[in-house]
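Undergrad: In this note's numbering, the protein residues as written are 120 to 434. Heads up, the beta-carbon is just placed ideally off N, CA and C, and yes, glycines get one too. Fair warning: this is a prediction, and the values are worked out from it, not measured in the lab.
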Amino acid sequence: MGRYLAKRLLSLIVSLVIASWVIFFVIEIAPGDPASFMLGINAQPDTIAALRSELGLDEEKFARYISWFTGMLQGDFGTSYTYRTPVAQMIADRLWVSLPLALYALTLSTLIALPAGIYAAARRGRSGDVAVMGATQLGVAVPNFWFAMMLVLVFAINLRWFSAGGFVGWEAGPFAALHSLTLPAIALALPQAAILGRVMRSALLDILGEDFIRTARAKGLSQRQALWRHGLRNALIPVLTIIGLQFSFLLAGAIIIEQVFYLPGLGRLVFQAISARDLIVVESVVMLLVFAVIMVNFLVDLTYALVDPRLRGRG
C-alpha cells in the first residue's frame, strides 16, 4: 500500500506542476493587455507603461511564473489587478459559496441516483426499470440552465418558496444559507443524478452476470440477496469514478448556474475576472480548481485500493 501511495503522490505532484505551467502561459498569451483595459482606450503610452510596471507585467513571463507558483506554495496568490485586494481573500470569500453548493448538489445527486440505479437493476426489463431509464434519459437531455430557470419560475416566482437568486450568507444561519442554495443545488444535481443512476444500473447488471454471483445464487441466495451481499460493493468502482468526476465538475463547472441564481461563487469570480482581464485572478482560481480535480482523482484512486485490494499490487 505504501508503494501504491507513493506513486500516486508523485503523479499528483507532477500533474500539478505541468498544470500550473500550462494554465499560466495559456492565459498569458491570450489577447488583451490588463493595463490598457484598466486605463481605457484614451490612455497615454507612458501611463500604460507605468501601470504595467506597478503590476509587474513588464517582467519576463518565466520570472512571473516562478514568482506566482512559489507564492501559491506559500498561500500567496498575488493581488488582484482590478480590485487591488489579495486574491487569496477573494477566493476564500467565494469558496464558502461554491464548495457548499458543490457538496450539497453531490449529496442530492448521490441520494437520488444510487437507489434509482439499484432499483432499476433489480427490476431489469420491467416497468420500474423502464421508468427509471426514461427519467434518466430526460435528465441527461435537459440542459441544467433551462432546468434552473424552470425551478425559478415555479418555486420562486409562482410558489414563492425560495428566493429567485442571491445568497444570504452563512452569518444568517446554516438553514437560511442552505435554503438559498437549494434551487441551484437541485439544478446542478438532477442532470448528474441521471448520469450516475445509469452508471449504477449498468455496473450492477455487469456484476450480476459474473460467475461468483451465479455461484452465490446456486448456493440458495435470491437475486436481491446476491445483489446486496456481493454485487453492490463490486459495482462501486465505476460509480466512485463518476462521483469523483462529478464533484470536480460541480465545483469548477457551475458558472452558468451561478449566473442564473446570481451567486457570488468561484464561477462568477472567474467570469468577472475574464471580463476585466484580471489575469492573476483567473490563473489562481483555475489553478485552485485544477488542484481540486487532481486531488479528488487522487482520493478516488485511494478509495479504489480500499475497495479492491488487487489494485494495490498494480500501482
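Give me the residue from 222, 352, 325, 216 with the minimum Cα distance to residue 381.
TA: 216
Undergrad: Distance, Cα to Cα, residue 238 vs residue 181?
TA: 55 angstroms
Undergrad: Report yes or no: do the region 223-240 and the region 268-275 share at least 3 C-beta pairs separated by less than 8 angstroms?
TA: no
Undergrad: Relative to the C-alpha of residue 309, which candidate in 174, 196, 259 has its C-alpha closest?
TA: 259
Undergrad: What residue range is occupied by the uninterrupted alpha helix (DSSP H) comprising residue 104?
TA: The structure shown does not extend to residue 104, since the chain is modelled only from 120 to 434, so the question has no answer here.
Undergrad: Locate the alpha helix (DSSP H) running through residue 326, then write down its first and last residues.
TA: 293-327
Undergrad: Suppose you measure from the CA of residue 404 to the CA of residue 297; what does that come to, to the nearest Å?
TA: Taking C-alpha positions only, residue 404 is separated from residue 297 by approximately 24 angstroms.
Undergrad: In angstroms with no decimal places, state the Cα-to-Cα distance between residue 355 and residue 322.
TA: 8 angstroms
Undergrad: Return the chain-ordered ranges of every alpha helix (DSSP H) run that is complete within the region 364-399 and spans a minimum of 4 residues.
TA: DSSP assignment within the region 364-399 yields the following whole alpha helix (DSSP H) runs of 4 residues or more, N-terminal first: 374-379, 385-394.
Undergrad: Give the DSSP-derived three-state secondary structure of residue 198 in the structure shown.
TA: strand
Undergrad: Please name the residue, chosen from 224, 351, 138, 168, that lies closest to residue 241 on a Cα-to-Cα basis.
TA: Nearest neighbour of residue 241 by Cα position, chosen from 224, 351, 138, 168, turns out to be 351.
Undergrad: How long is the line joining the alpha carbons of residue 158 and residue 220, rounded to whole angstroms?
TA: In a straight line, the C-alpha of residue 158 is about 36 angstroms away from that of residue 220.
Undergrad: Does the region 399-415 come close enough to the region 182-197 that 3 or more CB-CB pairs lie under 8 angstroms?
TA: yes
Undergrad: DSSP three-state label for residue 219, please.
TA: If DSSP states are grouped into helix, strand and coil, residue 219 belongs with the helices.
Undergrad: Alpha helix (DSSP H) containing residue 149: first to last residue?
TA: No residue range can be given for residue 149, since it is assigned to no alpha helix (DSSP H) and is classified by DSSP as neither H nor E.
Undergrad: Quick one: what's got a C-beta closer than 6 angstroms to residue 300's C-beta in the same chain, skipping five residues either side?
TA: Counting only Cβ-Cβ distances below 6 angstroms, and skipping sequence neighbours, we find 220, 223.
Undergrad: Give the DSSP-derived three-state secondary structure of residue 262 in the structure shown.
TA: It is coil, neither helix nor strand.
Undergrad: Is there contact here, the region 159-176 with the region 408-416, by at least three beta-carbon pairs under 8 angstroms?
TA: no
Undergrad: In the DSSP assignment, what residue or residues form a beta bridge with residue 205?
TA: Bridge partners of residue 205: 198.
Undergrad: Measuring straight from C-alpha to C-alpha, what distance separates residue 139 and residue 367?
TA: 17 angstroms
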